[in-house]
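A short write-up of the structure that comes next.
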Amino acid sequence: MASAYIKDEQGGTFIPASQRPDGTWRKPRRVKDGYVPQEEVPLYESKGKQFVKNLPTYPIGMSPEYVAAHKAKREAQVKTSLIPGLMIQTETKKKKKKNKNKSVESVSKDLSKTTISEREMISKSPVEASVDPTKRLRNLRKKIREIEALELKIKNGDIKSPEKEVVDKISRKKEIQQEIKQFEAKQ
Numbered sequence: 001m002a003s004a005y006i007k008d009e010q011g012g013t014f015i016p017a018s019q020r021p022d023g024t025w026r027k028p029r030r031v032k033d034g035y036v037p038q039e040e041v042p043l044y045e046s047k048g049k050q051f052v053k054n055l056p057t058y059p060i061g062m063s064p065e066y067v068a069a070h071k072a073k074r075e076a077q078v079k080t081s082l083i084p085g086l087m088i089q090t091e092t093k094k095k096k097k098k099n100k101n102k103s104v105e106s107v108s109k110d111l112s113k114t115t116i117s118e119r120e121m122i123s124k125s126p127v128e129a130s131v132d133p134t135k136r137l138r139n140l141r142k143k144i145r146e147i148e149a150l151e152l153k154i155k156n157g158d159i160k161s162p163e164k165e166v167v168d169k170i171s172r173k174k175e176i177q178q179e180i181k182q183f184e185a186k187q
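The sequence shown begins at 1 in the UniProt record's numbering and counts up by one.
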């Protein structure tokens with residue numbers, strides 16, 4: 001199409017009116033020599049795209065006769081289907097589907113037999129055991145001071161409705177006091 005330029009009597013080059021691929025018409029345009037309209041410039045394809053485009057669609061080493069037979073079978077299935085895009089399952093596919101359903105049922109039976117058990121939580125974390133006892137004792141006493149400050153705020157009405165975290169912290173006061181007594185007994 002790029003070579004279909006028309007020259008007028010003044011020597012100017014024109015692209016004649018033509019129809020686009022979508023059916024609309026272009027106006028005749030005055031152009032310089034060597035101009036190619038944007039719509040007619042071929043789309044850029046990277047080397048990777050070209051490589052993938054040129055790859056065979058079937059596995060390497062498969063006989064071309066088998067490929068042709070498979071394509072013909074596929075096209076016949078598409079032609080015989082009443083609804084476009086609907087693929088009718090053959091008997092082998094139906095059997096595979098039944099076997100898959102059976103395997104799903106067996107897995108679900110096995111899952112129903114399994115039980116979930118929780119491991120007992122160790123009260124002391126490995127970090128606490130490795131910490132110096134004096135530092136740990138100091139940390140526990142600090143927690144007690146914070147708990148007492150929270151209790152005082154609740155009594156004074158500064159905290160009207162304590163959050164769950166605050167209530168949990170206050171409820172741990174006795175545990176922390178027992179832990180302090182254990183550390184003091186060791187020293």
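Cβ atoms here follow ideal geometry from the backbone N, Cα and C, with glycine treated the same way.
| field | Selection from Leu140, Pro162 and Glu40 that minimises the alpha carbon distance to Leu150 | value | Pro162
| message | Spatial neighbours of Ala2 within its chain, please: C-beta separation below 7 Å, excluding the five flanking residues on both sides. | response | Confidence at Ala2 is low in this model, with a pLDDT of 46, below 50, so its placement is unreliable and no value can be given for it.
| message | Check this for me: beta carbons of Lys173 and Ile147, under 8 Å apart or not? | response | yes
| field | Gln19, DSSP secondary structure in three states | value | strand
| request: Quickly, what does DSSP pair Val31 with across the bridge? List them, please. | output: Thr13
| message | Taking the beta carbon of Val127 as the centre, do at least 16 other beta carbons fall within 10 Å, making it buried, or is it exposed? | response | Low per-residue confidence applies at Val127: pLDDT is 49, beneath 50, and the placement is therefore not dependable, though the value from the model is reported in the following sentence. Flag for Val127 reads exposed.
| query | Can you tell which of Ala17, Tyr5 and Lys27 has the C-alpha that lies nearest to the C-alpha of Gly34? | reply | Tyr5
| query | Is the beta carbon of Ala17 less than 8 Å from the beta carbon of Arg26? | reply | yes
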